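Reading through the structure tokens given below for one structure.
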Amino acid sequence: MNRTSLNDAESGLSLRNPLFVLICILFTAINMRSPITAISPLLDLIRHDFPVSNTMAGFLTTIPLVAFAILSPFVAKLAGKYGMERIIIISLMVLTIGGWLRPFGGLPMLLIGTFLTGLAIAIVNVILPGMIKREFPFRVGIMTSIYSICMNVFAATASAVSLPLANTGLGWKGSILIWTVLAMVALILWIPQQRYNQPAKLMKHSVKATRSVWRSPLAWKITIFMGMQSMIFYVSIAWLPDILQEQGLTNIQSGYMLSLMQFSMLPFNFIIPILAAKLKTQRPLVLFTVMLYLISLLGIIFVDGYLWWTATCLILLGIAGASSFSLSMMFFSLRTHTANQAADLSGMSQSIGYLLAACGPTLFGILHDVTGNWKLPLSILVIATFVILYTGMMAGGKGFIHPEEKTASAS
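Here the sequence shown is numbered in the working numbering, starting from 2 and rising by one per residue.
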């Protein structure tokens, strides 16, 4: 271990109970995707109460992504100024408030509550990896894996059970509120941690370094790679239930299919980072990912209503999504020399990447309203796959975003 990482690790040691910290982190992870994935299976019920177009329905999934894009570059500074624990507690308060607003007050409150939900998730998404590194400096890999698995399991569960819960008599409003209760539990667990709050600068970024990452062609390729794979994922979350229902599946079956896609991601969230770190280049993994994207997307376009083929396509789409997301995260480390460079690249990629992803659900809704079918919108995802191929092959090579700084960082 080099001197910098050793100092970082030593400064991260905490006197609090690590088991309780882990419980807090895991309950927070439960809320990082489930409030978003719970919405799409309920869109038909929501449209029954609020007669809105597909464009507006897609906007419900787009709103959190816009919040991610706006806040991602600024979260580290907020946590440095006010402390990680305080910012997490405030974010969970905002998440709870947003969750309570969404079912009540009509369409305006649904939109406002969704925006607040997105703001809260965006902030916590950026802070939690730093919290894990600080509290578990020598177990970052396994703790991050546990956190990711917990997040994805509950995201998939929300997709699977939201509509059945609504059909028990709770309605879509009651179904959404269940996930808000989980946010309240996470908030209650975090409140005692306020006493450990210590505002401190997480990272020192020079103006020169911040500017240079935006001028790096490789950094832009990584950013576009992340944006395209995020767009495919969030379009899938927003519209797959509607697409599958139009192809002949029931609303319950389509919710289960969306859940199946997300569950298929879990093992590959473990496997792909390990392979990416061991390979000299990540280009074979990029080719593997693009192949799965093409098979699954073309299968959804041209084969209507065959349950087992649909299930196969969604499993392949989930594997491709897990692979591309994991590669995005690995590029932050593999294509940089220092932690500061990695943080700058992460901030750029998440802000611009999620902004690109935010266009997807709304664009999908517009194209469906114009054409009356899903083939043209799905064809846009096929085109995005070829963008992933080009940018991924460039990002998967042996280069660095700042190759001229290798000597300096080594010294």
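Cβ coordinates follow ideal geometry from the N, Cα and C atoms, glycine included.
Fair warning: this is a prediction, and the values are worked out from it, not measured in the lab.
By the criterion of at least three beta-carbon pairs nearer than 8 Å, the segment 91-101 is not in contact with the segment 308-315. In this structure I88 is in contact with I128, their Cβ atoms being roughly 6 Å apart against a cut-off of 8 Å. For the pair M229 and P274, the CB atoms are not nearer than the 7 Å cut-off. Short of 7 Å from the beta carbon of L382, and not among the five residues preceding or following it, lie these beta carbons of its own chain, in chain order: I233, V236, L298. When the beta-carbon positions are compared, A156 and T38 come within less than 7 Å of each other. In the three-state scheme derived from DSSP, where H, G and I count as helix and E and B as strand, Q351 is classed as helix. For the set I31, I122, L166, M227, the Cα lying nearest the Cα of S325 is the one of M227.
Note that the C-beta distance between K222 and A396 is below 7 Å. Taking S54 as reference, the option from A30, K78, D243, D370 with the minimal CA-CA separation is D370. By the C-beta density criterion, H403 is buried, having at least 16 other C-beta atoms within 10 angstroms. DSSP, read as helix, strand or coil, puts V287 in helix. Look at the beta carbons and you see the segment 263-273 touching the segment 154-168: at least three pairs across the two are nearer than 8 Å. By the Cβ-count criterion, Y355 is buried, with 16 or more other Cβ atoms from all chains shown falling within 10 Å of its own Cβ. CA-to-CA, the gap between I122 and I31 works out to about 11 Å.
In the DSSP assignment, P218 falls within the unbroken alpha helix (DSSP H) covering 218-247. When DSSP states are grouped into helix, strand and coil, N32 belongs to the coil group. Rounded to whole angstroms, the Cβ separation of P200 and G84 is 4 Å, and the two are in contact under 8 Å. Check the Cα spacing between D305 and each of R48, S255, Q195: the tightest is with S255. S350 and G175 have their C-alpha atoms some 36 Å from each other. Shortest Cα-Cα distance from D45 to any of S334, Q246, N18, L79 involves Q246. Look at I402 here: in three-state DSSP terms it is coil, with no helix or strand label. In the structure shown, the three-state DSSP call for H338 is coil.
For the options S41, E86, R135, P193, the alpha carbon positioned closest to that of I253 is the one of S41.
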